[in-house]
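For reference, the structure is listed below as structure tokens.
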Amino acid sequence: MTRIDDTFARLKRDGKKAFVSYIMAGDPNIATALAVMKGLPAAGVDIIELGLPFTDPMADGPTIQLAGQRALEGGMTVDATLQMVRDFRAGDKTTPIVLMGYYNPIYSRGVDLFLSQAKDAGIDGLIVVDLPPEEDSELCIPAQAAGLNFIRLATPTTDAKRLPKVLENTSGFVYYVSVTGITGAAAAQATDVGPEVARIKRSTDLPVIVGFGINTPEASRAIASVADGCVVGSAIVKEIGLGKSAEQVLAFVASLAAGAHSA
Amino acid sequence: MAEDGLNSFMTGPDEQGRFGMFGGRFVSETLMPLILDLEARYEFAKTDPTFWAEMDDLWKHYVGRPSPLYHASRMTEHFGGAKVYMKRDELNHTGAHKINNVLGQIILARRMGKTRIIAETGAGQHGVATATVCAKFGLQCIVYMGAHDVERQAPNVFRMKLLGAEVIPVTSGRGTLKDAMNDALRDWVTNVRDTFYCIGTVAGPHPYPAMVRDFQSIIGKEVRWQLEEQEGKGRLPDTIIAAIGGGSNAMGLFYPFLDDPSVNIIGVEAGGKGVDDRMQHCASLTGGRPGVLHGNRTYLLQDPDGQILEGFSISAGLDYPGIGPEHSWLHDVGRAQYVSITDAEALEAFQLCCKLEGIIPALEPSHALAHVMKIAPTLPKEHIIVMNMCGRGDKDIFTVAKHLGFDMKI
Ligand SMILES: Cc1ncc(COP(=O)(O)O)c(C=O)c1O
């Protein structure tokens, strides 16, 4: 059982949907990012996705691209990202942290070294966008062996034939990307998402969380109501990009979380 | 024949799209079904005689193939050593080798029922070739080009527009070729149903590196019979040389000779201002290390934290921080040798070629020619070098004028 599994067990007992939020490590600087991160659980966030900045985020829209650029320009590194996680963990032992990013910074460090450092720092799961199941031997299998969840994306192009392959080595939860496109693109309608989630749930007992394009408490509620929870990324990162204070960002996050939790 | 237990260097990639440890399919889940579909459709087309009949017809009547294999006699004389041949792919329609590959991909796209074609471009040559073939077939064409390249390659931008393409300047990242490729991938992930991504070099996720190589291999295949025609039956080149951006013109020349051990294979990377820790170059093999970008594992220019660095070269077409995965493999197994040539050396070769052969080369093949300049004088007269003259220099005269201090006043 990881913190992720524990969290979903708790939510299930309470009859609540999960609210997952994404922020970029080191955006716009380490201090602000850490202040936001520390405030997320109290704002109602059940699982934190922490972006690992990369120069070439090919699955991300402009909002998250710019966040990564700000972080890198501020000197953010893999080590500093892990340190941010340690600093967070010093005050919070229960909120799961999922590191989300691209493979090259991890590959560059060396998979085994990275996994042991990530685990030690208090990371619970990984989402690595450019590692489909066809490349499972790279990181997915070693990550599971190291006790980290490997969370896979399922998409509208993942057809019935492919779905078992996508689910095979997935753990923690399934992240359903509701639209074909990049982060921050237009949102899908709950009426379209519902049947897709049901389709995935027929093939797995894992929770299915839906993301991409959710940017209001209403959308958060609508999407969470047809799934096990929802993820908001770009909408939060956008507030950070506008130079809002940690308090302002967290107030917005709280409204989104309330939306999901009222579903 | 290969030495390390394999019996051929020409069997790759394997089922995972790997050349040794390089290559693969490092893309997001949304794209995965698309590249699997593309792979299946390409595998079918590859053995379909009607596909190749269509290619051959267009190669002959639209592109102007075969391109000549030309004995550069004054250069040969000037160097006083090896006999130098040029494979004249700069005479192709649109002025470079790029169209060899574009034709193949567009014919495939049409067979797949795709109506919207996207491409990335650096120097604009691949963009122009794609816009050209799309015009010919009445397909919608969108070309992603780094904002920085849009400025320095203005004539090609206008060409693409004349040909009916939409050119989208890319400002994400640093606005160069790698960012254009990122944005093309972002477009593809968004428009999955009707869009075909026409990649311009032997990079990207499997099956692109193999597919683009196969289309470009027409270069090496022609060289084989053309050299026999001029030098006698069974005569193979002793050395073949090509410039490398992503590596497509080089793979096209090299591939048909991989299993001929007597043929010395040399790839020339862009050394920019010199391959050293200032990192002002594009020599991924000489100055990079293995990493994962744009769907494949290959040698990349990157910092110690795995962040990708920008390349630097006088030649926009070589300005890419990666290299096709098959080259990374050929490098590691030692079948091909990779060297680098600086901007200054390429400029010198460019001018020499204009004066001695009456050929204005593109800056990309000028790099290959600069290496010929280095080695030809040291080799015996019987030694035959074939270099790939993969593009003409019209697009580069502004850049060269600037470097030579010539005021164009237009
Ligand atoms: C004339 C010419 N040669 C070479 C290249 C580099 O590409 P590749 O290494 O794929 O042949 C380009 C790219 O724009 C080009 O225009």
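Those sequence lines, one after another, are chains A and B. Residues 76 to 338 (our numbering) make up the first sequence, in order. Residues 569 to 978 (our numbering) make up the second sequence, in order. The C-beta atom is built at its ideal place from N, Cα and C for all residues, glycine as well.
Buried or exposed: residue i, going by 16 or more other Cβ atoms within 10 Å of its Cβ?
{"i": "F880 (chain B)", "result": "buried"}
{"i": "A310 (chain A)", "result": "buried"}
{"i": "A930 (chain B)", "result": "buried"}
{"i": "T666 (chain B)", "result": "A small fix is needed here, since residue 666 (chain B) is Lys in this sequence, not Thr. With 16 or more other Cβ atoms within 10 Å, it is buried."}
{"i": "G802 (chain B)", "result": "exposed"}
{"i": "G714 (chain B)", "result": "buried"}
{"i": "G820 (chain B)", "result": "buried"}
{"i": "A165 (chain A)", "result": "exposed"}
{"i": "M955 (chain B)", "result": "buried"}
{"i": "T170 (chain A)", "result": "buried"}
{"i": "R633 (chain B)", "result": "buried"}
{"i": "D605 (chain B)", "result": "exposed"}
For residue i, which residues of its own chain have a beta-carbon under 8 angstroms away from its beta-carbon, when the five flanking residues on both sides are left out?
{"i": "R609 (chain B)", "result": "L676, R679 and M680"}
{"i": "A570 (chain B)", "result": "Here the model assigns A570 (chain B) a pLDDT of 47, short of 50, so the residue's position is not dependable and the matter cannot be decided."}
{"i": "K949 (chain B)", "result": "G649, A650 and K651"}
{"i": "S830 (chain B)", "result": "L804 and D806"}
{"i": "P208 (chain A)", "result": "C215, R227, K240, V241, E243 and N244"}
{"i": "S740 (chain B)", "result": "D747, N750 and D751"}
{"i": "I257 (chain A)", "result": "A134, D135 and G136"}
{"i": "A110 (chain A)", "result": "A321"}
Quick one: residues in its chain with C-beta nearer than 6 angstroms to the C-beta of residue i, no 5 flanking neighbours on either side, listed in chain order?
{"i": "Q798 (chain B)", "result": "none"}
{"i": "E688 (chain B)", "result": "Y712, A748, M749 and A752"}
{"i": "G585 (chain B)", "result": "G591, G592, R593 and H774"}
{"i": "C922 (chain B)", "result": "I928"}
{"i": "L86 (chain A)", "result": "A93"}
The beta strand (DSSP E) that contains residue i, what's its start and end?
{"i": "F764 (chain B)", "result": "T763 to Y765"}
{"i": "S576 (chain B)", "result": "First-last for S576 (chain B): undefined, no H or E at that position."}
{"i": "R684 (chain B)", "result": "R684 to T689"}
{"i": "R865 (chain B)", "result": "G863 to L868"}
{"i": "C305 (chain A)", "result": "G304 to V307"}
{"i": "E734 (chain B)", "result": "E734 to V738"}
{"i": "K655 (chain B)", "result": "K651 to K655"}
{"i": "V954 (chain B)", "result": "I952 to N956"}
{"i": "Y906 (chain B)", "result": "Q905 to T910"}
{"i": "N832 (chain B)", "result": "N832 to G840"}
Determine the extent of the alpha helix (DSSP H) in which residue i is found, giving its start and end residues.
{"i": "S641 (chain B)", "result": "S641 to F647"}
{"i": "E243 (chain A)", "result": "L238 to E243"}
{"i": "C709 (chain B)", "result": "C709 (chain B) -> not in any alpha helix (DSSP H); beta strand (DSSP E) instead, spanning Q708 to G714."}
{"i": "A299 (chain A)", "result": "P292 to S300"}
{"i": "A677 (chain B)", "result": "K666 to R679"}
{"i": "I181 (chain A)", "result": "Y178 to R184"}
{"i": "F327 (chain A)", "result": "A321 to H336"}
{"i": "N817 (chain B)", "result": "S816 to F822"}
{"i": "I786 (chain B)", "result": "I786 to E799"}
{"i": "G114 (chain A)", "result": "I105 to G114"}
Near residue i, what residues of its chain come up, given a Cβ to Cβ distance below 7 angstroms and the 5 sequence neighbours on each side ignored?
{"i": "A778 (chain B)", "result": "P581"}
{"i": "H899 (chain B)", "result": "L853 and Y906"}
{"i": "A333 (chain A)", "result": "G119 and P292"}
{"i": "T946 (chain B)", "result": "G649"}
{"i": "A218 (chain A)", "result": "L190, L201 and F225"}
{"i": "A297 (chain A)", "result": "A265"}
{"i": "D89 (chain A)", "result": "none"}
{"i": "P601 (chain B)", "result": "none"}
Using 8 angstroms for Cβ pairs, my map puts residue i next to residue j. What's the rounded Cβ distance?
{"i": "A106 (chain A)", "j": "L127 (chain A)", "result": "About 18 angstroms separates the two Cβ atoms, so there is no contact after all."}
{"i": "V268 (chain A)", "j": "V301 (chain A)", "result": "5 angstroms"}
{"i": "A21 (chain A)", "j": "K92 (chain A)", "result": "Residue 21 (chain A) lies beyond the residue range present for chain A, which begins at 76 and ends at 338; the question has no answer from this structure."}
{"i": "E894 (chain B)", "j": "V770 (chain B)", "result": "6 angstroms"}
{"i": "G316 (chain A)", "j": "L125 (chain A)", "result": "Not a contact, Cβ separation roughly 17 angstroms."}
{"i": "R656 (chain B)", "j": "Y638 (chain B)", "result": "5 angstroms"}
{"i": "G874 (chain B)", "j": "P180 (chain A)", "result": "4 angstroms"}
{"i": "V696 (chain B)", "j": "T744 (chain B)", "result": "Going by Cβ atoms, the distance from V696 (chain B) to T744 (chain B) rounds to 18 angstroms, so no, they are not a contact pair."}
{"i": "V780 (chain B)", "j": "S816 (chain B)", "result": "5 angstroms"}
{"i": "G839 (chain B)", "j": "A818 (chain B)", "result": "No, G839 (chain B) and A818 (chain B) are not in contact; Cβ-Cβ is about 16 angstroms, not under 8 angstroms."}
{"i": "A699 (chain B)", "j": "L731 (chain B)", "result": "4 angstroms"}
{"i": "T279 (chain A)", "j": "D199 (chain A)", "result": "About 19 angstroms; that fails the 8 angstroms criterion."}
Is residue i close to chain D, meaning its C-beta is less than 8 angstroms from at least one C-beta of that chain?
{"i": "N864 (chain B)", "result": "No chain D is present in this structure, whose protein chains are A and B."}
Would you call the stretch 866-879 of chain B and the stretch 932-941 of chain B in contact, with 3 or more CB pairs under 8 angstroms? no
Please determine if the stretch 221-235 of chain A and the stretch 731-738 of chain B are in contact, where contact requires at least 3 C-beta pairs separated by less than 8 angstroms. no
Do the stretch 319-328 of chain A and the stretch 854-866 of chain B meet, that is, are 3 or more Cβ pairs less than 8 angstroms apart? no
Any contact between the stretch 617-627 of chain B and the stretch 909-921 of chain B? By contact I mean 3 or more CB pairs, one from each, below 8 angstroms. no
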